[in-house]
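Laid out in structure tokens, this is it:
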């Protein structure tokens with residue numbers, strides 16, 4: 025059936041998306057804050073390992089730059105011509121890898137890749153320090169994903185080129201969380217200033233375990249930077265203490281109000297943003313947070329609320345939500361490209 | 025022995041092939057038909073899924089364009105600079121993948137690849153629809169090979185960029201079949217007009233099972249478009265009914281005369297073209313068509329006849345034919361590059 | 025601890041290495057010999073299979089050219105724009121593969137890669153000859169690593185483009201050995217002329233089995249070309265006859281003095297250069313040469329002597345040597361990039 029439908033439409037010219045949902049938003053976002061390149065000078069030629077390296081201004085300026093890229097017509101400018109990205113995915117991840125590689129090519133650069141960890145020196149016992157030493161000679165920047173949380177810390181000590189954390193074990197995944205923030209700001213540009221009237225503050229429902237999920241951990245760091253715009257974060261999980269050591273305290277000291285709630289449907293009606301992660305995607309979640317945590321078109325979602333999901337998804341996010349206004353996860357996925365473009369181009373501006 | 029011979033010749037400069045066998049043919053081919061860009065406008069920014077999308081004029085113009093590329097000196101024009109190909113081989117295939125990637129680079133474009141299906145979201149249960157959604161943001165075109173026949177149909181529904189079928193299960197492999205046709209036209213340029221005097225019509229022997237082999241299926245669609253140039257197609261296989269549902273009727277209605285013949289040596293003496301496929305290459309044939317079907321220098325081949333084979337080959341095609349005039353499979357392999365160049369550059373001309 | 029240290033330094037701008045140890049050396053090396061492009065004309069558009077193809081002048085000029093690249097500021101010249109490297113690692117090797125790919129990109133070229141041998145035609149029984157035939161159409165040069173020593177000899181017969189040996193079984197690894205020589209010449213530029221006063225001649229300790237290790241075999245060929253600069257080579261291994269057939273005779277006829285010595289610590293005090301290879305890296309060594317052969321900061325190394333190691337390393341080379349002046353293996357690794365740049369750019373200058 026799908027086959028017949030597809031075959032009957034093959035004569036039609038494909039029109040590339042030009043102004044799809046979410047695309048017009050970045051224009052508003054650009055209006056919500058003014059450009060301040062000086063803020064981003066602090067990121068030039070730095071390694072990016074943790075969300076904690078950023079502050080509210082840096083996040084705002086990066087998202088503004090992402091919006092600039094997303095709204096731009098495709099240019100013929102290739103600022104990274106001749107620059108080499110070492111795309112090192114010791115923990116395989118098609119989606120994140122292709123995202124970074126696409127961005128790097130869009131900026132004009134070349135790529136050398138490690139996609140099969142089983143054949144690398146690391147698998148045979150080579151030290152991360154030696155691998156990093158090698159990488160110094162082969163490229164201009166490294167993007168690393170590794171299921172070993174410490175790999176990036178060991179490598180950065182020997183690196184004389186920047187490295188970007190694309191997921192280190194259960195620790196952090198800062199560029200994914202930046203993409204989450206960018207989606208938030210596309211949806212509600214006024215949040216980017218952090219200066220929001222009481223009745224415009226949002227409630228964020230995060231389904232997941234902050235002490236064990238890297239995407240959640242990084243996201244909470246960013247949300248804490250914008251705690252003036254947030255009523256509270258409702259953490260939905262069935263653990264009494266889902267935090268790692270010191271995590272709760274650090275976030276609360278930064279001003280974030282948080283509450284743990286075991287029942288999803290109790291959290292949804294008051295949540296403006298619902299962040300959900302994949303259930304069984306080892307590597308991105310390291311945690312099955314229970315089959316009871318699923319979203320579908322029958323979930324008691326607040327009117328006007330949006331759903332974010334870093335994708336890829338499993339059964340926790342029903343496709344029957346795809347055609348609803350709650351679906352911001354596709355816009356979020358699109359934005360992830362432009363946030364990474366903003367970040368990489370800023371790092372390489374030296 | 026080979027080693028000593030090689031070592032003794034290492035001081036000699038390698039002369040790149042410039043006018044090897046088969047290379048002069050495209051000039052004649054260009055003379056046999058005139059250029060008509062309007063015909064190809066219908067392919068610009070379309071997905072290519074089945075041979076059935078084409079017609080006689082489109083095939084002729086694509087092969088003419090391929091001939092133009094094949095006879096051209098290497099240019100310094102790179103029309104696809106800044107364009108990204110997503111090379112998605114969920115079913116691995118070195119030969120086809122490298123062919124597409126080589127062409128894309130020759131045209132100036134960049135590539136992001138999926139070569140290890142075991143680490144992809146698909147392997148973990150992600151839907152083709154979600155993968156397609158992701159690809160919209162990462163590249164400008166997708167080339168897909170998948171052992172799942174339906175993958176491409178599911179993806180094309182969510183794609184807002186073109187996709188090219190590089191082999192979908194046992195269904196089709198249209199670009200390989202285009203390369204087969206291009207080889208035919210290089211050999212006999214007058215066939216390209218489809219308007220051939222009775223005594224110039226050719227008999228084509230196809231060793232294989234049209235209902236189960238994607239390369240054979242696509243080839244027969246193309247041959248049917250040129251049925252005025254063909255006496256008959258002799259299908260050599262040891263099945264009484266080697267067709268899939270409706271296939272025979274569709275081809276015969278298009279004017280193709282076909283006959284099934286179980287004994288290869290009875291078909292060869294009257295065949296001008298012998299098309300053979302690999303025996304045990306799962307993925308390109310999905311079928312062992314029997315060890316009795318082998319070609320070698322002792323086979324009763326008609327004088328002046330040519331052999332086509334999509335390669336890679338197994339035991340069914342003896343290397344003792346490589347140095348005979350029957351060998352057009354190497355010219356065919358070379359031509360596959362230029363046919364894909366013609367197709368991709370046409371799709372991207374928007 | 026490492027983590028905390030790293031996190032505290034993330035605000036610092038990374039300064040790319042500009043004049044690190046070993047970098048100033050190439051300037052001296054350039055002064056030690058004059059440029060003679062005619063010598064390298066003999067390498068243009070040739071395949072590189074064995075160290076025996078070279079002679080003293082070619083090695084000297086290639087190393088001089090490597091020095092030129094290593095000391096140059098990054099240029100915006102991309103002489104290989106539009107040229108395609110087929111990076112064929114049928115035996116996986118991240119380090120060597122990335123090294124070649126990095127160089128090719130630095131020169132402006134594009135790459136198509138084979139990194140997963142299990143999915144290739146070769147794995148299914150396709151002949152090297154057919155693979156080579158295919159490669160003629162897909163690229164401008166091949167870099168091949170294969171655990172089958174004969175693969176390259178079979179392929180070169182059908183290739184009409186150059187091929188570079190990146191390691192063929194236990195036979196040879198000429199580009200690695202060129203990198204070893206380049207490190208030697210950076211350390212002692214006067215050696216490059218081969219015309220060295222008696223008291224400046226060096227003693228080279230090679231830990232390994234020349235009859236079974238490809239890196240050692242290729243290195244000895246090169247050392248033999250510079251035998252006027254070498255007192256003797258002490259081969260440290262616990263075999264009475266570590267040579268392959270005819271190897272010892274060939275090297276001695278070329279003027280190289282060699283001696284086999286089973287005890288490492290007896291060789292070290294008189295050695296100016298200590299070459300050690302990985303112990304258990306199948307593919308680069310094919311031989312565990314015994315856990316007694318290890319170097320560390322307590323080894324009786326001669327003052328001023330240097331250690332070379334093709335990396336990656338195992339336990340045979342202690343990291344406690346990394347911060348000593350004996351460590352030339354990192355400079356050697358860096359130099360490997362520039363030697364390959366010199367070689368590839370010379371081959372493609374046609």
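Chains as they are written, first to last, in this note's numbering: chain A, 25 to 374; chain B, 25 to 374; chain C, 25 to 374. Ideal Cβ positions, reconstructed from N, Cα and C, are used throughout, including at glycine. The structure displayed is predicted, hence computed values, not measured ones.
Query raised in the report: Less than 8 Å separating the beta-carbons of residue 189/C and residue 73/C?
Result: It is a contact, given that the beta carbons lie within the stated cut-off.
Requested in this report: Between the Cα of residue 171/A and those of 295/A, 229/A, 237/A, 154/A, spot the shortest distance and give me the residue it belongs to.
Outcome: Shortest Cα-Cα distance from residue 171/A to any of 295/A, 229/A, 237/A, 154/A involves 237/A.
**Report entry** Status (buried if at least 16 other CB within 10 Å, exposed otherwise) for residue 209/C
**Finding:** Here residue 209/C is buried. Its C-beta has 16 or more other C-beta atoms within 10 Å.
**Report entry** Cβ separation of residue 370/C and residue 64/C, assumed to be a contact under 8 Å, to the nearest whole Å
**Finding:** For a cut-off of 8 Å, the C-beta gap from residue 370/C to residue 64/C is around 5 Å, short enough to register as a contact.
Report task. Please name the residues in the stretch 26 to 38 of chain C whose beta-carbon is closer than 8 Å to at least one beta-carbon of chain A, in chain order. Result -> Along the stretch 26 to 38 of chain C, going in chain order, the ones with a CB nearer than 8 Å to a CB of chain A are 26, 27, 29, 30, 31, 34, 35, 36, 37, 38.
Query raised in the report: Span of the beta strand (DSSP E) holding residue 259/B?
Result: DSSP places residue 259/B inside the beta strand (DSSP E), whose first and last residues are 254 to 260.
Query raised in the report: Could you check where the beta strand (DSSP E) with residue 332/B kicks off and where it finishes?
Result: Following the DSSP letters along the chain, one finds residue 332/B inside the beta strand (DSSP E) bounded by residues 330 to 332.
Query raised in the report: Pick from 70/B, 167/B, 359/B: whose alpha carbon is nearest that of residue 372/B?
Result: Answer by Cα proximity: 70/B.
Requested in this report: Report all residues from its chain with a CB closer than 6 Å to the CB of residue 307/A; omit the five preceding and five following residues, and keep chain order.
Outcome: Its pLDDT being 45, under 50, residue 307/A is placed unreliably in this model, and the coordinates cannot settle the point.
**Report entry** Distance between residue 206/A and residue 330/C (C-alpha atoms, nearest Å)
**Finding:** Whole-angstrom Cα-Cα distance: 52 Å.
Query raised in the report: Does at least one heavy atom of the ligand MN sit under 7 Å from the Cβ of residue 337/B?
Result: Summarising the ligand content, the structure contains no ligands, and the ligand MN is consequently not present.
Query raised in the report: Which two residues bound the contiguous beta strand (DSSP E) that contains residue 109/C?
Result: First-last of the beta strand (DSSP E) with residue 109/C: 108 to 113.
**Report entry** Proximal residues to residue 56/B (C-beta, below 8 Å), its chain only, five neighbours per side dropped
**Finding:** So the qualifying residues of the chain are 209, 213, 214, 216, 217.
Query raised in the report: If you drop the 5 nearest sequence neighbours on each side, which residues of the same chain put their C-beta closer than 6 Å to that of residue 140/A?
Result: Counting only Cβ-Cβ distances below 6 Å, and skipping sequence neighbours, we find nothing.
Query raised in the report: When the Cβ atoms of the stretch 220 to 232 of chain B are set against those of the stretch 191 to 203 of chain B, are three or more pairs found closer than 8 Å?
Result: Counting C-beta pairs closer than 8 Å gives fewer than three between the stretch 220 to 232 of chain B and the stretch 191 to 203 of chain B, which falls short of the contact rule.
Query raised in the report: Going by the CB atoms, is the gap between residue 77/C and residue 203/C shorter than 8 Å?
Result: In this structure, residue 203/C keeps its C-beta atom at 8 Å or more from the C-beta atom of residue 77/C.
Query raised in the report: Apart from the five residues just before and just after residue 337/A, which ones in its own chain have a Cβ nearer than 7 Å to its Cβ?
Result: Counting only Cβ-Cβ distances below 7 Å, and skipping sequence neighbours, we find 302.
Query raised in the report: When Cβ atoms are compared, which residues of the stretch 156 to 185 of chain A fall closer than 9 Å to chain D?
Result: The chain inventory of the structure shown lacks chain D, comprising the protein chains A, B and C.
Requested in this report: Report the residues of the stretch 48 to 80 of chain C with a CB closer than 9 Å to any CB of chain B, ordered along the chain.
Outcome: Result list: 66, 68, 69, 70, 71, 72, 73, 74, 76, 77.
Query raised in the report: Do residue 110/A and residue 136/A have their CB atoms nearer than 8 Å?
Result: In contact: residue 110/A and residue 136/A (Cβ atoms closer than 8 Å).
Query raised in the report: Considering only the beta carbon of each residue, do residue 108/B and residue 134/B sit closer than 8 Å?
Result: Contact: yes.
Query raised in the report: Hey, would you say residue 297/B sits closer than 8 Å to residue 90/B, going by beta carbons?
Result: Cβ atoms of residue 297/B and residue 90/B: not closer than 8 Å.
Query raised in the report: Under the rule that 16 or more other beta-carbon atoms within 10 Å means buried, what is residue 119/B, buried or exposed?
Result: It is buried - the Cβ of residue 119/B has at least 16 other Cβ atoms within 10 Å.
Query raised in the report: Taking C-alpha atoms, which residue in 368/A, 367/A, 358/A lies nearest to residue 154/B?
Result: Nearest C-alpha to residue 154/B: 358/A.
Query raised in the report: DSSP on residue 134/C, reduced to helix/strand/coil?
Result: DSSP places residue 134/C in strand when its eight states are reduced to three.
**Report entry** Residue-level contact to chain A via CB, residue 367/B, 8 Å cutoff
**Finding:** Taking CB atoms only, residue 367/B has no neighbour in chain A less than 8 Å away.
Query raised in the report: Exposed or buried, which one is residue 39/B when buried takes at least 16 other CB atoms within 10 Å?
Result: Here residue 39/B is exposed: its Cβ has fewer than 16 other Cβ atoms, across all protein chains shown, within 10 Å.
Query - residue 169/A (DSSP reduced to helix, strand or coil) - result: Of the three classes helix, strand and coil, the one that applies to residue 169/A here is strand, per DSSP.
Report task. In the DSSP assignment, find the unbroken beta strand (DSSP E) run with residue 95/C in it and report its ends. Result -> Judged by DSSP secondary structure, residue 95/C falls outside any beta strand (DSSP E) and instead within the alpha helix (DSSP H) spanning 80 to 95.
Query - Buried or exposed (CB count within 10 angstroms, at least 16 for buried), residue 85/A - result: Residue 85/A comes out buried.
Report task. Measure the C-alpha to C-alpha separation of residue 391/A and residue 27/C and round it to an integer number of angstroms. Result -> Nothing can be reported for residue 391/A: it is not among the residues displayed for chain A, which extend from 25 to 374.
Query raised in the report: Are any of the Cβ atoms in chain A nearer than 8 Å to that of residue 199/B?
Result: The beta carbon of residue 199/B sits no closer than 8 Å to any beta carbon of chain A.
Report task. For residue 58/C, count neighbouring Cβ atoms within 10 angstroms of its own Cβ and tell me buried if that reaches 16, exposed if not. Result -> Exposed: under 16 other Cβ atoms inside 10 Å.
Requested in this report: For the alpha helix (DSSP H) containing residue 160/A, list its first residue and its last residue.
Outcome: Unbroken alpha helix (DSSP H) run through residue 160/A: 152 to 162.
Query - 8 Å Cβ cutoff, residue 143/A in contact with chain C - result: Yes, residue 143/A counts as interfacial toward chain C.
Query raised in the report: Do the CB positions of residue 325/A and residue 280/A come within less than 8 Å of each other?
Result: Cβ atoms of residue 325/A and residue 280/A: not closer than 8 Å.
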